[in-house]
Every structure is written in structure tokens, then in C-alpha cells.
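These notes concern the structure reproduced below.
Numbering (the working numbering), first residue to last: 481 to 759.
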């Protein structure tokens, strides 16, 4: 029996003059007051779900959406506001588009929100899919392999920041910290302040292409998968397309249920947000 229910709200406003005979999406430019309505709708939805006993409200991060489609640019910030007006509802990041962030800034914002919401913010990460968003932030999306590589390195930095009392990173995209003088010595490590109160942080990521590299990365770091529901046509589920995953990654979870299977089963728990391509 299903006992816990969640839903996804992508942050759209009440659209008008849509459809085949309506104004083309690229020509729709809603006023600032109109796009702000997405925040009011989010809070109203959250309060209703809280009263009805829902488990979580998942929100989508997007940028520059003058068309009124997806108008929430910062989920951790909005989650603090929601938590102050609800009692128990969790807020899911579906998803933080890491290539639009500096990884340390996202780690700080999540840790702060984790503390201020009393642990009610669920951390989710994605690679993104809007060229307008990621390229405008100066990060690759047209080059899929560069985007994947950047995403993986950014998440590795975030995990270091969460889980280590002090850390450093040196690589193609980031040198953290730089070897600069600080209070009479050369800086070698930094500490995330604050770190999340609840460790290890549960992390969710959308499953789209189901590539071997993407699945390997998820299993290696214990990331749970979010995917689309099983097709009605009877086509095999994604797990059926990757029968090797539960076996090859059994070693990561030790005795008991294979970690790979756990990752893929998690894909059935939240529906509808998988366009934020991660795999």
C-alpha cells in the first residue's frame, strides 16, 4: 500500500492566450508582477499539501523564463520561506542545476537551508537541458561531454564540502582553495561553514538516457534515481535496459540488497521531472 505521496510543481504561472492559436511562447513576455505569482502559488500549494498530509513538494530550478513556464530560480531560498509557513511538508529540489552554480555556493545554500528548515529540504541535482540557461551562466550544455564532466566534478566538490571537516580540490575546472597567503600561511584547505546538520546528505538525480557512465557515477556516490513511470505500451522499464547494474555494483553496498537496484527503484517514487537530463 502506498502511504506517502508527493507532487511536482515546476513554477509556472496561470498562462493565457496559449495553444495553437495563441501567442507563440518566445513572444510571451509577462510582467515582473505576473511571474512573481509563481511564489504565491508555490506557498498556497505547499500549505494545502501540508494540511492534507503529503510527504513532499518537489520544485524545479530554472532561469530567464519570461514565457511564464518555470519561474523559480532558487529552491533552497524558497524552501526556507515555505518551511516557515508549514509544519511538516518536505521540499524537494527537483533539481538544483549544478552547472548554473558555483559548487561551494550551492553547498553553502543547501547547508543553511537544511538547518533553517529543520531538515525538510531534499537535495536533488541535475545537469540541465536549456541552452539559454547554462550557456548564459558561462557553462557548457551544447557540448554534452563537457557538461557531464563539469557536473561530475562539481558534485564531487559538493560531497567533499558536505562530508569533510576541511577539504581541497585541484582539477581542470576548479582549484579550491587557491594557494594564496592568508594570515601568515599559504592556504591549503577550507571548511564549509556551516555544514549540513544531517549527514550523509540524501541526494536524488534524474535518470533520462540511462547511460552506463551516468549510472556508474550515481552508484559510486550513493545517489538515488528519479525517473519517468513505466510506459503504458508495455515497453520495458529502464531497469530492464541495464540488467548488469545491480550485479556489477553489488560490491558498493556490501551484503544485502544491491545498491544499483536501490538507485533504480527510487526512480518510481517521483514522477515528471526527468527532463533535467542527468545521465
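Glycine is no exception: its CB is placed at the ideal position from the N, C-alpha and C atoms.
*asked:* Determine whether the beta carbon atoms of residue 539 and residue 555 lie at a separation below 8 Å.
replied: By one-based count along the chain shown, residue 539 stands at place 59. By one-based count along the chain shown, residue 555 stands at place 75. In this structure, residue 555 lies closer than 8 Å to residue 539 by Cβ.
**Message:** Three or more C-beta pairs under 8 Å: does that hold for the stretch 683 to 691 against the stretch 648 to 667?
**Reply:** Taking 8 Å as the limit for Cβ pairs, the verdict is that the stretch 648 to 667 does not touch the stretch 683 to 691.
Unbroken alpha helix (DSSP H) run spanning residue 626, endpoints: Residue numbering aside, residue 626 sits at position 146 when the chain shown is read from its first letter. Taken as a continuous stretch (DSSP letters only), the alpha helix (DSSP H) holding residue 626 covers 624 to 643.
- Do you know whose CA, among 565, 651, 498, 604, lies nearest residue 596's CA? Your numbering for residue 596 matches position 116 in the chain shown. Of the listed residues, the one whose Cα sits closest to residue 596 is 565.
* Asked: Tell me, which residues are paired with residue 556 by DSSP?
  -> Taking the first residue of the chain shown as 1, we reach residue 556 at position 76. DSSP lists no partner for residue 556.
Quiz item: Near residue 530, which residues of its chain fall below 7 Å by C-beta distance, leaving aside the five closest residues on each side in sequence?
Solution: Taking the chain shown and counting its residues from 1, one reaches residue 530 at position 50. 566, 567, 568, 569, listed in sequence order.
*On the DSSP bridge assignment, give the partners of residue 655 in chain order.*
Looking up residue 655 in the chain shown gives position 175. DSSP output for residue 655 lists 650 as bridge partner(s).
Review point. Below 8 Å between beta carbons: does that hold for residue 604 and residue 574?
Key: To locate residue 604, count along the chain shown from 1; it is residue 124. To locate residue 574, count along the chain shown from 1; it is residue 94. Contact flag set, yes.
Nearest-angstrom Cα separation, counted from residue 630 out to residue 707: Numbered from 1 along the chain shown, position 227 holds the residue referred to as residue 707. Numbered from 1 along the chain shown, position 150 holds the residue referred to as residue 630. Straight across, the Cα-Cα distance linking residue 707 with residue 630 is about 22 Å.
Quick one: complete beta strand (DSSP E) runs, 3+ long, within the stretch 497 to 584?
-> DSSP assignment within the stretch 497 to 584 yields the following whole beta strand (DSSP E) runs of 3 residues or more, N-terminal first: 536 to 539, 570 to 573.
Practice problem: Take residue 632 and list the residues in its own chain whose beta-carbon comes closer than 7 Å to its own, dropping the five residues that flank it on each side. | Solution: Counting from one through the chain shown, the residue named residue 632 turns up at place 152. Cβ within range, chain order: 697.
Beta-carbon spacing of residue 701, residue 639 below 8 Å: Your numbering for residue 701 matches position 221 in the chain shown. Your numbering for residue 639 matches position 159 in the chain shown. In this structure, the beta-carbon distance from residue 701 to residue 639 falls below 8 Å.
Boundaries of the beta strand (DSSP E) in which residue 488 is found, first to last residue: Residue numbering aside, residue 488 sits at position 8 when the chain shown is read from its first letter. Element bounds for residue 488: 486 to 489.
Going by the C-beta, is residue 699 closer than 7 Å to any heavy atom of the ligand NAP? Only the bare structure without any ligand can be found here, which leaves the ligand NAP out of the picture.
request  = Name the two residues that bound the continuous beta strand (DSSP E) containing residue 601.
outcome  = Within the chain shown, numbered from 1, the residue matching residue 601 stands at position 121. From DSSP, the beta strand (DSSP E) with residue 601 extends over 601 to 606.
Buried or exposed by the 16-neighbour rule on C-beta atoms within 10 Å, applied to residue 526: Position 46 of the chain shown, counted from the first residue, corresponds to residue 526. Burial is judged here by how many other beta carbons sit within 10 angstroms of a residue's own beta carbon; residue 526 has at least 16 and is buried.
Q.
Does residue 505 pass the burial test, meaning 16 or more other C-beta atoms within 10 Å, or should it be called exposed?
A. The count along the chain shown starts at 1 and reaches residue 505 at position 25. Burial call: exposed.
Worksheet entry | Contacts around residue 614, its chain only, beta-carbon distance under 8 Å, and the 5 residues preceding and following it disregarded | Counted from its first residue, the chain shown places residue 614 at position 134. These residues qualify, in order along the chain: 577, 579, 580, 608, 620, 621, 627.
Can you tell which of 634, 699, 547 has the C-alpha that lies nearest to the C-alpha of residue 586?
One-based indexing of the chain shown puts residue 586 at position 106. Checking every option, the nearest Cα to that of residue 586 belongs to 634.
Going by DSSP, what residues sit across from residue 686 in a beta bridge?
Stepping through the chain shown from its first residue, residue 686 is reached at position 206. According to DSSP, residue 686 bridges with 706.
Quick one: residues in its chain with C-beta nearer than 6 Å to the C-beta of residue 563, no 5 flanking neighbours on either side, listed in chain order?
Residue numbering aside, residue 563 sits at position 83 when the chain shown is read from its first letter. Cβ within range, chain order: 597, 600.
Problem - Contact under 8 Å by Cβ, residue 550 with residue 490 - result: What you label residue 550 is simply residue 70 of the chain shown in a count that begins at 1. What you label residue 490 is simply residue 10 of the chain shown in a count that begins at 1. Yes.
* Asked: What does a CB cutoff of less than 7 Å around residue 679 pick up in its chain, not counting 5 residues either side in sequence?
  -> Residue numbering aside, residue 679 sits at position 199 when the chain shown is read from its first letter. Residues 642, 643 of the same chain have their beta carbon placed closer than 7 Å to that of residue 679, with the five preceding and five following residues left out of the count.
At the level of alpha carbons, what is the spacing between residue 592 and residue 559? The residue you call residue 592 lines up with position 112 of the chain shown. The residue you call residue 559 lines up with position 79 of the chain shown. Taking the straight line joining both Cα atoms gives about 11 Å.
*asked:* On the DSSP letters alone, give me the boundaries of the alpha helix (DSSP H) that residue 698 sits inside.
replied: Looking up residue 698 in the chain shown gives position 218. Residue 698 -> alpha helix (DSSP H) spans 692 to 700.
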